[in-house]
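Chemist: One structure, as structure tokens, below. Some questions next.
There are 2 protein chains.
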Amino acid sequence: MRGELTAKGRATRRRIVEGAAAVLRERGVASTTLDDIMARTATSKSQLFHYFPAGKDELLVEVARFEADQVLEDQQPQLGRLDSWEAWREWRDVVIERYETQGDQCPLGSLFLQIGRSTPGTRAIVVELLRQWQESLAAGIRSLQGAGALPADLDVETRAAALLTAIQGGVSILLSTGRSTHLRAALDQGIADLRRAGAAAR
Amino acid sequence: MRGELTAKGRATRRRIVEGAAAVLRERGVASTTLDDIMARTATSKSQLFHYFPAGKDELLVEVARFEADQVLEDQQPQLGRLDSWEAWREWRDVVIERYETQGDQCPLGSLFLQIGRSTPGTRAIVVELLRQWQESLAAGIRSLQGAGALPADLDVETRAAALLTAIQGGVSILLSTGRSTHLRAALDQGIADLRRAGAAAR
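This is the structure we're talking about:
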């Protein structure tokens, strides 16, 4: 179905997803109806089902995919150019500010709860988000290796996975407690240990 | 109310909480009724409300407290004696095995979803669990400092917080993806970096 859409159709579908994301952020997933989304996006019921034949669940999966993209988007351009320690520090600040601003509400997490944490649709979105995120961190580590700031035999994938896990853990604790102490500690420790691995190699 | 219970009363209350925890693990929080819990624990309605005057919500909070205790209990005795690198390795194995066995189901997480992630009751349980867990890790790091295996000026609280965050992140990814790769990577990297801090100080 998506493959058959014209450029105009894709733009309309995109507009509905973005509008739905905004309403869902404002009102919460549990208390938002299809009518709210139709009103916000000036879409008729027949239009909505034209673009999302399976209805609300299909729309929610698309909104989740959009929110997952936002997670990475919000870290750009810093996440895409981790080629100096100064760049890592800037990225670290962006991540902490993003999640402290978000506080104990997570649009993506709320959507996953609604769609179901273990459904194939949810899993695919999470796995792809983590993969891209980790790949960006790994690219940053590799660029530091290339510049001679990190040893060539450093286990890039494990370091990148550990840093990503530090963020997930810090955000998970922030969502449960409202406090960013652990996010800060884990991210700072992870980056400090990475720098130390570089300093030790000199 | 709890303060007034006799030893026998406390034992009965404890028996109900443990029985309820077992039923909730088996059937899931969403589909377990008070009748299921009464049947399993051979408790009458009047008994149940004698011990839990506020009803199901109060019982669920107590079960969550019990499950939080289990999280630490399952890591003993290893978590309580992290006084050598060998002890840290043993604890690491216990943590990974516990969460790989648990897989993508988390009894405590399910309870929190039911009670509400942001209620004061839930927050208090999470904060206390994290505090005790982190304190055990900090005690382990301090005992290695005492033995001269780690430098005296190491920032113990940040290291302990970062290790705890690594576990939370790894478990969170395991719950979302069914895979323990990140739990393993983050925990192994955290312990390896701690050891390296010790080796560097020699």
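Going down the list, the sequences are from chains X and H.
Under the UniProt record's numbering, think of the first position of the first sequence as 1, with each following residue one higher.
Under the UniProt record's numbering, think of the first position of the second sequence as 1, with each following residue one higher.
Ideal Cβ placement from N, Cα and C applies to all residues, glycine included.
Are the beta-carbon atoms belonging to X:Ala185 and H:Ala161 less than 8 Å from one another?
Modeler: Taking the first sequence and counting its residues from 1, the one referred to as residue 185 of chain X is at position 185. Taking the second sequence and counting its residues from 1, the one referred to as residue 161 of chain H is at position 161. Cβ atoms of X:Ala185 and H:Ala161: closer than 8 Å.
Chemist: Listing by chain order, which chain X residues have their CB less than 7 Å from the CB of H:Glu101?
Modeler: Along the second sequence, read from residue 1 onward, the residue named residue 101 of chain H stands at position 101. In the sequence on display, residue 101 of chain H carries Thr and not Glu. Ordered by position in chain X, no residue passes the 7 Å Cβ test against H:Thr101, which lies about 17 Å from the chain.
Chemist: Is the beta carbon of X:Ser180 less than 8 Å from the beta carbon of X:Tyr51?
Modeler: Here residue 180 of chain X corresponds to residue number 180 of the first sequence, with the count starting at 1. Here residue 51 of chain X corresponds to residue number 51 of the first sequence, with the count starting at 1. No, the Cβ-Cβ distance between X:Ser180 and X:Tyr51 is not below 8 Å.
Chemist: Does chain H have any CB closer than 8 Å to the CB of X:Ile37?
Modeler: Taking the first sequence and counting its residues from 1, the one referred to as residue 37 of chain X is at position 37. With 8 Å as the cut-off, X:Ile37 does not count as an interface residue toward chain H.
Chemist: Cβ of H:Val127 within 8 Å of Cβ of X:Thr177?
Modeler: Within the second sequence, numbered from 1, the residue matching residue 127 of chain H stands at position 127. Within the first sequence, numbered from 1, the residue matching residue 177 of chain X stands at position 177. It is a contact, given that the beta carbons lie within the stated cut-off.
Chemist: Less than 8 Å between the beta carbons of H:Arg195 and H:Trp85, yes or no?
Modeler: One-based indexing of the second sequence puts residue 195 of chain H at position 195. One-based indexing of the second sequence puts residue 85 of chain H at position 85. Yes.
Chemist: Kindly indicate which three-state DSSP category H:Arg179 falls into: helix, strand or coil?
Modeler: Against the second sequence, residue 179 of chain H aligns to sequence position 179. Coil, per DSSP.
Chemist: Quick one: what does DSSP say H:Phe52 is sitting in, helix, strand or coil?
Modeler: For the purposes of this step, residue 52 of chain H is taken as residue 52 along the second sequence, with counting starting at 1. Correct three-state label for H:Phe52: coil.
Chemist: Could you name the residues of the segment 108-119 of chain X whose beta carbon sits closer than 8 Å to any beta carbon of chain H, in the order they occur along the chain?
Modeler: Per Cβ criterion, the list reads Phe112, Leu113, Arg117, Ser118.
Chemist: Just the C-alpha distance for X:Ala7 and X:Ile16, rounded to the nearest angstrom, thanks.
Modeler: Taking the first residue of the first sequence as 1, we reach residue 7 of chain X at position 7. Taking the first residue of the first sequence as 1, we reach residue 16 of chain X at position 16. Straight-line Cα distance between these residues: approximately 14 Å.
Chemist: If you draw a straight line from the alpha carbon of X:Gly148 to that of X:Ser110, how long is it in whole angstroms?
Modeler: For the purposes of this step, residue 148 of chain X is taken as the residue at position 148 of the first sequence. For the purposes of this step, residue 110 of chain X is taken as the residue at position 110 of the first sequence. Using only the alpha carbons, I get a separation of about 42 Å.
Chemist: Is it buried or exposed for H:Ser136, if we count other Cβ within 10 angstroms and need 16 for buried?
Modeler: Residue numbering aside, residue 136 of chain H sits at position 136 when the second sequence is read from its first letter. With 16 or more Cβ atoms within 10 Å of its Cβ, H:Ser136 is classed as buried.
Chemist: Which residue wins for smallest C-alpha separation from H:Pro43, given the options H:Gly19, H:Arg25, H:Gly28?
Modeler: The sequence position of residue 43 of chain H within the second sequence is 43, counting from 1. Note that residue 43 of chain H corresponds to Thr in the displayed sequence, not to Pro. Of H:Gly19, H:Arg25, H:Gly28, the residue nearest in Cα terms is H:Gly19.
Chemist: Using a Cβ-Cβ distance cut-off of 8 Å, determine whether H:Leu137 contacts chain X.
Modeler: One-based indexing of the second sequence puts residue 137 of chain H at position 137. With 8 Å as the cut-off, H:Leu137 does not count as an interface residue toward chain X.
Chemist: Inspect the beta-carbon positions of H:Leu163 and H:Gly146 and report whether they are closer than 8 Å.
Modeler: Numbered from its first residue, the second sequence carries residue 163 of chain H at position 163. Numbered from its first residue, the second sequence carries residue 146 of chain H at position 146. No; because the gap between Cβ atoms is not below 8 Å, this pair is not in contact.
Chemist: Since X:Ala64 and X:Ile115 are thought to touch, with beta carbons under 8 Å apart, how far apart are those beta carbons, to the nearest angstrom?
Modeler: Within the first sequence, numbered from 1, the residue matching residue 64 of chain X stands at position 64. Within the first sequence, numbered from 1, the residue matching residue 115 of chain X stands at position 115. Yes, X:Ala64 and X:Ile115 are in contact; Cβ-Cβ is about 6 Å, under 8 Å.
Chemist: What residues from chain X crowd round H:Arg13, counting only those whose CB sits closer than 9 Å?
Modeler: The sequence position of residue 13 of chain H within the second sequence is 13, counting from 1. None at all; the shortest Cβ gap to chain X is about 26 Å.
Chemist: Tell me which residue opens and which closes the alpha helix (DSSP H) that H:Arg40 is part of.
Modeler: Within the second sequence, residue 40 of chain H is the residue found at index 40, counting from 1. Element bounds for H:Arg40: 34-41.
Chemist: Tell me which same chain residues have a C-beta within less than 8 Å of the C-beta of X:Arg25, skipping the five on either side of it?
Modeler: Here residue 25 of chain X refers to the residue found at position 25 when the first sequence is read from its first residue. Closer than 8 Å at Cβ, skipping near neighbours: Pro107.
Chemist: Only counting the same chain, and skipping five residues up and downstream in sequence, which positions put a Cβ closer than 7 Å to that of X:Ala152?
Modeler: Start at 1 with the first residue of the first sequence, and residue 152 of chain X comes out as number 152. Taken in chain order, the residues that qualify are Gln145.
Chemist: Comparing C-alpha positions only, which one of X:Gln78, X:His182, X:Leu175, X:Val61 sits nearest to H:Arg131?
Modeler: The residue you call residue 131 of chain H lines up with position 131 of the second sequence. Among X:Gln78, X:His182, X:Leu175, X:Val61, the Cα nearest to that of H:Arg131 belongs to X:His182.
Chemist: Can you tell me the Cβ-Cβ gap for H:Val95 and H:Leu154, rounded? I've got them flagged as a contact below 8 Å.
Modeler: For the purposes of this step, residue 95 of chain H is identified with residue 95 of the second sequence, where counting begins at 1. For the purposes of this step, residue 154 of chain H is identified with residue 154 of the second sequence, where counting begins at 1. The Cβ separation is near 21 Å, so there is no contact.
Chemist: Please check if any C-beta of chain H sits within less than 8 Å of the C-beta of X:Ala20.
Modeler: As a working note, residue 20 of chain X is residue 20 in the first sequence. With 8 Å as the cut-off, X:Ala20 does not count as an interface residue toward chain H.
Chemist: Can you tell me whether H:Ala147 is helix, strand or coil according to DSSP?
Modeler: Against the second sequence, residue 147 of chain H aligns to sequence position 147. Correct three-state label for H:Ala147: coil.
Chemist: What do you get for H:Asp193, buried or exposed, if any count of 16 or more other CB atoms within 10 angstroms of its CB means buried?
Modeler: Counting from 1 along the second sequence, the entry for residue 193 of chain H is found at position 193. By the neighbour-count rule (16 or more Cβ atoms within 10 Å), H:Asp193 is buried.
Chemist: Can you list, in chain order, the residues of its chain with a C-beta nearer than 6 Å to that of H:Asp83? Leave out the 5 residues immediately preceding and following it.
Modeler: Within the second sequence, residue 83 of chain H is the residue found at index 83, counting from 1. Result list for H:Asp83: Ser143, in chain order.
Chemist: Give every residue of the same chain whose Cβ lies closer than 6 Å to the Cβ of H:Gly198, excluding the five residues on either side of it in the sequence, and list them in chain order.
Modeler: The sequence position of residue 198 of chain H within the second sequence is 198, counting from 1. Closer than 6 Å at the Cβ level, and outside the excluded window around H:Gly198, lie Ala149, Leu150.
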